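Trainee: Per the UniProt record's numbering, the sequence shown starts with residue 1, numbered consecutively.
Ideal placement from N, C-alpha and C gives every residue a C-beta, glycine not left out.
Small disclaimer: the values here were computed from a predicted structure and weren't measured.
Quick one: this structure, given as structure tokens, is what I'll be asking you about.
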Amino acid sequence: MGSKLWIGFGDIHEDFEQVFNLPNLKESSGILISGDITNKGNKEKVYNFFQKLKENNPKIFAQIGNMDSFEIEEVLDDLGINTHLRVIELDSGIFLAGVGYSTFTPFNTPSEVSEDAMAKWLKQLKLEAKNKKHLIFMSHTPPLDTKCDVVLGGSHVGSKSVREFIEEVQPDICLTGHIHESKAIDEIGKTLIVNPGPVGDGGYVKIFFRDGRLELELH
């Protein structure tokens, strides 16, 4: 298997045109979208966006974030691109595990769950993900206590159960988002954690598979 490239981003918040300004969409092996596609947006806008995106690259893998309603998840299901609580083989021996939504926020957004619910989801996902040699974990909510989960006041607001999943499974890369001001790369064990920031600010990540390993570049 030669070199492969995936383009990863999230926190679109309906800034759809900015997505089409990203480089390498057409020639990449796939597009990974970590969540917050809308601002409580409607199905028609999202459906039209993904139809246009599929014209650039048909290999799309996406999940909802806390700002997306259940009807947005229905669009992802209808299009066959939903990654939430799924483990998908991106290429021979390279897998993607996804968890969308977020843990509770102060803002009462549409798709929030308790830390206990997140832990139960991840316990199930772990059974399928833990023995994959090359694994990208896409979690809308960042793991707790990293450079990727710090709000402006300095508090860490990530998920404890997301962190525990990473500590136990040790995916190669965790692509996250949610906390706009925490564009960063960090590490938990051998796992690289990356929050590219909102796509509206031009944030995205290139994930490469080359020389037998997954690597990333933050942009």
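1) Using a 10 Å radius around the Cβ and a threshold of 16 neighbouring Cβ atoms, would you call G93 buried or exposed?
2) Mind checking T105: buried by the 16 CB within 10 Å criterion, or exposed?
3) Please check the pair L96 and L192, which I expect to be a contact at CB under 8 Å, by giving their CB distance rounded to whole angstroms.
4) Tell me T191's beta-bridge partners as DSSP assigns them.
5) Is G158 closer than 7 Å to L135 when the C-beta atoms are compared?
6) What does a CB cutoff of less than 7 Å around V151 pick up in its chain, not counting 5 residues either side in sequence?
7) Is the beta carbon of G100 less than 7 Å from the beta carbon of I64?
8) Does DSSP classify R163 as helix, strand or coil?
9) Give the DSSP-derived three-state secondary structure of N48 in the structure shown.
Mentor: So, from the listed chains and residues:
1) Here residue 93 refers to the residue found at position 93 of the sequence shown. So G93 ends up on the exposed side.
2) Mapped onto the sequence shown, residue 105 falls at position 105. Looking at its Cβ environment, which holds fewer than 16 other Cβ atoms inside 10 Å, T105 is exposed.
3) For the purposes of this step, residue 96 is taken as the residue at position 96 of the sequence shown. For the purposes of this step, residue 192 is taken as the residue at position 192 of the sequence shown. That pair is no contact at about 15 Å.
4) Numbered from 1 along the sequence shown, position 191 holds the residue referred to as residue 191. In DSSP, T191 forms a bridge with I188.
5) For the purposes of this step, residue 135 is taken as the residue at position 135 of the sequence shown. For the purposes of this step, residue 158 is taken as the residue at position 158 of the sequence shown. Contact: no.
6) As a working mapping, residue 151 is identified with position 151 in the sequence shown. The answer, listed in chain order, is V157, I179 and E181.
7) On the sequence shown, position 100 is the one that residue 100 refers to. On the sequence shown, position 64 is the one that residue 64 refers to. Cβ distance < 7 Å, so G100 and I64 count as in contact.
8) To locate residue 163, count along the sequence shown from 1; it is residue 163. Helix.
9) The residue given as residue 48 occupies position 48 in the sequence shown. Reduced to three states, the DSSP call for N48 is helix.
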